[in-house]
Each structure stands twice: as structure tokens, then as C-alpha cells.
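Undergrad: In this note's numbering, the protein residues as written are 547 to 1019.
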């Protein structure tokens, strides 16, 4: 179990709750003219459009304004580009620093949780236009409280679907349930269902039989099941009907050609060294990989690559990662933790960073291949893990997809409507259409021309309320 062996399992963020002052909160009808609507379904711009928001709902969008709205004070959007709010499908909003603690004479890994960090992250996500998240694991108590506080109107932040403690074999206090020690799969998953958890996440310590059984149990409870898997192959998980897989690290030796498999099993090191050593051994055109693409495509398994988390790791000795100016938007607890203890690349030497950087183009090629093979992809950041910047890293992730050769129009779909479809929220989220949620970004420049233009945000609307003017961007 490579992440646990090297203390490189996901770290995540959380924070304490209180209402935000000065939210522009009113449910009056808002009307805009001269807006360039980004139609993510068609990958096109609808120029000179009118947009009418009625509270938390888009009431009208079109190129002529119906008579019933002529009495409204219409605001000139001045040709800005309006797109749906972004969806981060890998945002651990409610977990914090990772530490080692001595318990009963032995060292144990612990992930801290605090409501304070959830509030911090919620604000930063909105700053950069993220209006919905999937939180794929952490403290059930804190993750549920985030949703409850949102529903009560006590805080402002992206809506969320949440996982609770990650189902695992092995201890990581504050992050996982050790099903071998504490309870059965049936009990662990049933308790999360009863508590109101939305998603079951499976972790790398489980055996293949446990993964297979957990998928069946999760589906019996009508819950989606996703996995961070390592030695259990993605191909097997896809054929067992898992709903999603996370991280562009399918590092099972079963996916390697025979000779490379033998050498990898003989010489590979534990922990995050596998993130580059596996790619050194992999042949993306080999029979095992071709079978993987087919299984993912045919079983409609969506993949959340979280490229930015691994780019940060592979280049983690570089100032442009560890000295990025937007790290000021990371909660101090986490930033200090990364600087003093926890990173994915604990124990790496200069030659390890060099080897990792050499295979980085191959990581991008893998994601490009998934795209070309028709595997559904979403945009996720692994928020809470080393050097991931809340909100801003969604834009970094989209740029990495562009670096991988994926067209801007498809990247925008992955960050909006495709993610909404994968999360079963597309009825209300993911595109600018009548009847959908009025979660919107106003941009200075056209994101279809350059994906970096998603960062040219002037306004963020959440449920029809202008929320980003209170933030010093």
C-alpha cells in the first residue's frame, strides 16, 4: 500500500464555520444584455445574448429579450464571456495536516480535521469560480457538517457531494476506516449510507476481493463507488462496475508487459516512487493497457486524473511549485505542514526528481489516450494535498489537460457538464440553460480560444448572488 508506506496518502483541508459578511444576497430578478454565452454543450459562443436570473435559477437565455422582461433594469455585460460554474471533482475540503503521533508505544499516521479549514477552502474555491465539488473522503462528521451548514445558510461555499472515511485495510487515523480491524464492509458502508454520505471511496490497501465486494454493497445501497487503487488493477475494477477511478496512476504491475512486470516487481520501491517507476516500465500500447482502455470505455467508468497533484510532486524541488505566489491562498496550517513534513516525495533524491520529470510527458500521454479512447474524464485537483491551491489549481489542472493535447472545448465540458453528468447533478448544474442553477462566471476573455482565459474572472454568481466582489482577487 504505497501511499501509506511512504506517508503519501492524500492530505486534505478543513475549517471552522461562520457566516460571510457582505454577501450580495437578494433574490431579485437580474437581467443582463450583451453577454457572450459559453455554450459548453456545443463548444461555441452565443454572441450578444440576454440572460435573466431569477434567484437561484436561470430563467431565460437567448438573443432577444421577451417583452415580459422589458421593464427590468438590464445590466450591460459589455461583451464579457459567461460560462457555468466550475466543478472540482476531487476536493478534500474538510481535512488538514498530516502528522505522526505516538500511540501506545507506536507511531501512527493522523490526518487532522477542523471546520475552520472548510470555511477557508470554500471561500477560495468561490474566488476562482468553483461552485460545486465532489469531496472524495475524510471525516464523515466534518464533511456532513459542511453540507449542513451550507443548507442552513450559515456559510457560503460550493455545493458538495461527499464521501466519508475512506474504506481501507490499514490505519490512517482521521482519514480511513480499517475494515479488517474495526468492522465489516457491509457495516462500514451501511453506516455511511445511514449517516447521509453520498459516495463510497475505496482505498489502495484493499484486496481485489474486497474491492469487488464493496462495489456490490455500495450499489446495493444505491451509492456510487469510486476508488484510489494501486495493485488492484483498474481493468478488474472497471469490469466489476466501479463508477469512478481517481488519479492518473494506474500503477498495478498487472498492467505491465510480462518482462517489465517481473523487473518492476523485483526492483520497485514502496511509496510514491511508484508514481514514476511504473511509468518507466509501462507501455501505453501494450495488450494490458489496450484491455484497460476498453474496460473503462465499455463500463463507462469516469476517471479523475488530478494531474496537478502529481505535477507538483514530480517538480516538487522547483521554486515554481513550492514558491508559487498563489500559495498565499492556502491555509497556513497546511502550508506549514508541507514545508516542514508532509509531501508526496518524502525521501526523494535529486535523481528521483530527474527520473520523475523525464516520464511526465508519458503521464500526459496517458491522459490523452484516455480521452481519445472515449473514457469520460473530469477535472479534479486533490485539494488538500501538497502544493494544491484551492480554486486556482482547477485552472492549473485545465491547463495540464491542454498540455496533454485535449481541445479547450472538451476541457470546458469536463469541468462543467461532463462532471455534472458523472455526479448525477446535470438536471440543475453544468451548463447555462433555462431552469438550471444560476452559478456563473463572467470572464474578460474567451476560454475557447485559450484555456488560461478561465482565470480572467470578473464576477462569480452562486445561486444568483454575486459572491466574488467580497474577495480580494
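Where a beta carbon is used, it is the ideal one built from N, C-alpha and C, also for glycine.
Just so you know, these numbers come straight off a predicted model, no measurement behind them.
1. Are the beta-carbon atoms of residue 914 and residue 952 separated by less than 8 Å?
2. Using the beta-carbon count (16 or more within 10 Å), is residue 567 buried or exposed?
3. According to DSSP, what are the bridge partners of residue 637?
4. For residue 591 versus residue 584, is the C-beta spacing smaller than 8 Å?
5. From the DSSP output, which residues share a beta bridge with residue 630?
6. Are residue 750 and residue 776 touching if we call contact CB-CB under 8 Å?
7. The beta strand (DSSP E) that contains residue 491, what's its start and end?
8. Determine whether the beta carbon atoms of residue 723 and residue 683 lie at a separation below 8 Å.
9. What's the C-alpha gap between residue 976 and residue 813?
10. Would you report the Cα separation of residue 556 and residue 839, rounded to the nearest angstrom?
11. Got a sec: does the ligand SAM put a non-hydrogen atom nearer than 7 Å to the Cβ of residue 805?
12. So the candidates are 766, 863, 699; which of them puts its Cα closest to the Cα of residue 900?
13. Alpha carbon to alpha carbon, how far is residue 912 from residue 796? Give it in angstroms, no decimals.
14. Which one or two residues does DSSP pair with residue 648 in a beta bridge?
15. Would you mind working out which of 981, 815, 984, 600 sits nearest residue 893, comparing C-alpha positions?
16. Could you say which of 771, 787, 715 lies nearest to residue 753 if we only look at CA atoms?
17. Per DSSP, residue 599 forms a beta bridge with which residues?
18. Grouping DSSP H, G and I as helix and E and B as strand, with all else coil, what is residue 616?
19. CA-CA distance, residue 645 and residue 882?
20. Please return the same chain residues whose Cβ sits closer than 6 Å to the Cβ of residue 902, not counting the five positions on each side in sequence.
21. Measure the Cβ-Cβ separation of residue 926 and residue 636 and say whether it is below 8 Å.
22. Count the other C-beta atoms from every protein chain shown that fall within 10 angstroms of the C-beta of residue 755, then say buried if there are 16 or more, exposed otherwise.
23. Does the Cβ-Cβ distance between residue 941 and residue 852 come in under 8 Å?
24. With a threshold of 7 Å on Cβ separation, who are the neighbours of residue 686 within its own chain once the five nearest residues in sequence on each side are excluded?
25. Taking residue 828 as the reference, which of 701, 782, 729, 809 has the closest Cα?
26. List, from N- to C-terminal side, the alpha helix (DSSP H) runs of 4 residues or more that fit wholly inside the region 856 to 924.
27. Reducing DSSP to helix, strand and coil, say where residue 735 ends up.
28. Does residue 937 come out as helix, strand or coil in the three-state DSSP assignment?
29. Starting from residue 706 and walking both ways along the beta strand (DSSP E), at which residues does that stretch end?
30. Unbroken alpha helix (DSSP H) runs of length 4 or more, entirely within the region 677 to 708: which are they?
31. Just tell me which of 721, 974, 907 has its CA closest to the CA of residue 948.
32. Residue 833 bridges to which residues according to DSSP?
33. Identify the residues that DSSP records as bridge partners of residue 991: which are they?
34. Identify, in the order they occur along the chain, each residue of the same chain with its Cβ nearer than 7 Å to the Cβ of residue 807, setting aside the five sequence neighbours on each side.
TA: Judging by the given coordinates:
1. Within the chain shown, numbered from 1, the residue matching residue 914 stands at position 368. Within the chain shown, numbered from 1, the residue matching residue 952 stands at position 406. With respect to residue 952, residue 914 sits close: the two C-beta atoms are nearer than 8 Å.
2. Stepping through the chain shown from its first residue, residue 567 is reached at position 21. With a pLDDT of only 32 at residue 567, under 50, the local geometry of the prediction cannot be trusted, and the value read off the model is given with reservation. Label assigned to residue 567: exposed.
3. Sequence index remark: in the chain shown, residue 637 carries index 91 (1-based). Looking at the DSSP assignment, residue 637 forms a beta bridge with 929.
4. Counting from 1 along the chain shown, the entry for residue 591 is found at position 45. Counting from 1 along the chain shown, the entry for residue 584 is found at position 38. For residue 591 and residue 584, yes; Cβs fall inside 8 Å.
5. Indexing the chain shown from 1 puts residue 630 at position 84. Per DSSP, 986.
6. Here residue 750 corresponds to residue number 204 of the chain shown, with the count starting at 1. Here residue 776 corresponds to residue number 230 of the chain shown, with the count starting at 1. Between residue 750 and residue 776, the gap from beta carbon to beta carbon is short of 8 Å.
7. Outside the modelled stretch of the chain, which goes from 547 to 1019, sits residue 491, for which no answer is possible.
8. If you number the chain shown from 1, residue 723 lands on position 177. If you number the chain shown from 1, residue 683 lands on position 137. Their beta carbons are not under 8 Å apart, which means residue 723 does not touch residue 683 by this criterion.
9. On the chain shown, residue 976 is found 430 positions in, with the first residue counted as 1. On the chain shown, residue 813 is found 267 positions in, with the first residue counted as 1. Straight across, the Cα-Cα distance linking residue 976 with residue 813 is about 45 Å.
10. The sequence position of residue 556 within the chain shown is 10, counting from 1. The sequence position of residue 839 within the chain shown is 293, counting from 1. Reliability fails at residue 556, whose pLDDT of 34 lies under 50, so the model's placement of it is uncertain and the value that follows must be treated cautiously. Rounded to whole angstroms, residue 556 to residue 839 spans 25 Å at the Cα level.
11. The model on display carries no ligand, and the ligand SAM is accordingly not part of it.
12. Along the chain shown, read from residue 1 onward, the residue named residue 900 stands at position 354. Nearest neighbour of residue 900 by Cα position, chosen from 766, 863, 699, turns out to be 863.
13. The residue labelled residue 796 in the question sits at position 250 within the chain shown. The residue labelled residue 912 in the question sits at position 366 within the chain shown. So the two alpha carbons sit approximately 10 Å from each other.
14. On the chain shown, residue 648 is found 102 positions in, with the first residue counted as 1. In DSSP, residue 648 forms a bridge with 653.
15. Within the chain shown, numbered from 1, the residue matching residue 893 stands at position 347. For residue 893, the nearest C-alpha among the options comes from 815.
16. Taking the chain shown and counting its residues from 1, one reaches residue 753 at position 207. Among 771, 787, 715, the Cα nearest to that of residue 753 is on 715.
17. For the purposes of this step, residue 599 is taken as residue 53 along the chain shown, with counting starting at 1. Within the DSSP secondary-structure output, residue 599 pairs in a beta bridge with 576, 604.
18. Counted from its first residue, the chain shown places residue 616 at position 70. Correct three-state label for residue 616: coil.
19. For the purposes of this step, residue 645 is taken as residue 99 along the chain shown, with counting starting at 1. For the purposes of this step, residue 882 is taken as residue 336 along the chain shown, with counting starting at 1. Between the C-alpha atoms of residue 645 and residue 882 there is a straight-line separation of about 12 Å.
20. On the chain shown, residue 902 is found 356 positions in, with the first residue counted as 1. Residues 822, 860 of the same chain have their beta carbon placed closer than 6 Å to that of residue 902, with the five preceding and five following residues left out of the count.
21. Position 380 of the chain shown, counting from 1, holds the residue named residue 926. Position 90 of the chain shown, counting from 1, holds the residue named residue 636. Taking 8 Å as the cut-off, the beta carbon of residue 926 is found closer than this to the beta carbon of residue 636.
22. For the purposes of this step, residue 755 is identified with residue 209 of the chain shown, where counting begins at 1. By the neighbour-count rule (16 or more Cβ atoms within 10 Å), residue 755 is not buried but exposed.
23. For the purposes of this step, residue 941 is taken as the residue at position 395 of the chain shown. For the purposes of this step, residue 852 is taken as the residue at position 306 of the chain shown. No. Outside cutoff.
24. Within the chain shown, residue 686 is the residue found at index 140, counting from 1. Closer than 7 Å at Cβ, skipping near neighbours: 710, 711, 738, 741, 743.
25. Within the chain shown, numbered from 1, the residue matching residue 828 stands at position 282. Here the closest residue by C-alpha is 809.
26. Those alpha helix (DSSP H) runs which fall completely within the region 856 to 924 and span 4+ residues are 865 to 868, 878 to 886, 896 to 918.
27. Locating residue 735 in the chain shown gives position 189, counting from the first residue. Residue state, collapsed to three classes: helix.
28. Counted from its first residue, the chain shown places residue 937 at position 391. DSSP places residue 937 in coil when its eight states are reduced to three.
29. Sequence index remark: in the chain shown, residue 706 carries index 160 (1-based). Note, residue 706: beta strand (DSSP E), 705 to 708.
30. Taking only runs of at least 4 residues, the alpha helix (DSSP H) segments lying wholly in the region 677 to 708 are 686 to 698.
31. Translated into the one-based positions of the chain shown, residue 948 becomes position 402. Closest in alpha carbon position to residue 948, among 721, 974, 907, is 907.
32. By 1-based counting over the chain shown, the position of residue 833 is 287. Residue pairing by DSSP places residue 833 in no beta bridge whatsoever.
33. For this step, residue 991 is matched to residue 445 along the chain shown. In DSSP, residue 991 forms no bridge with anything.
34. Residue numbering aside, residue 807 sits at position 261 when the chain shown is read from its first letter. Non-local C-beta neighbours of residue 807 in its own chain, meaning closer than 7 Å and more than five positions away in sequence, comprise 799, ordered along the chain.
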